[in-house]
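Read through the structure below, which is laid out as structure tokens, and then see the notes.
Numbering (my numbering), first residue to last: 73 to 210.
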């Protein structure tokens, strides 16, 4: 592994990386291994929300390098930035589900955020020409 591409990247990319990696592991644990509703699940869930929101905010400031893009307020946004919307909608719906006592809404929103915001968007991060590809595949 070569972390030089990450260390030479913009602050937004570094923040994105250092929040998305723990979010991935925490999200995996929360979905597959934790006791739902337990105090530790709730605590880690709050950490997960903060990490995912920070990841999404940082992503807004990462220039789109692949595919079509548009410039808005000095930000170059591409199709990958749609996952920012997916993440924020998922976070909102998950919190709203908890507020309303709608656990199914919460669960579906968290799974959707995990799949869309971490697995699918994360998969794109490993494509050739991207920093994650450079780190792991040289």
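From the three backbone atoms N, C-alpha and C, an ideal C-beta is built for every residue, glycine too.
The model shown is predicted, which means the values in this text are computed figures rather than measured ones.
Pop quiz: residue 126 and residue 85 are said to be a contact at Cβ under 8 Å. What is the actual Cβ separation, rounded to whole angstroms?
In fact, because the Cβ distance is near 13 Å, the residues do not count as touching under 8 Å.
Quick one: is residue 82 buried, meaning 16 or more other Cβ sit within 10 Å of its Cβ, or exposed?
exposed
Is there contact here, the region 175-192 with the region 144-153, by at least three beta-carbon pairs under 8 Å?
no
Could you give the first and the last residue of the continuous beta strand (DSSP E) run that contains residue 144?
141-144
If you follow the alpha helix (DSSP H) that residue 147 is in, where does it begin and where does it stop?
Segment 147-150 is the beta strand (DSSP E) holding residue 147; no alpha helix (DSSP H) there.
What first and last residue would you give for the alpha helix (DSSP H) that runs through residue 124?
111-132
From residue 199 to residue 167, what does the alpha carbon distance come to, in whole angstroms?
32 Å
Assuming contact is defined by CB atoms lying nearer than 9 Å, are residue 201 and residue 138 in contact in what I supplied?
yes
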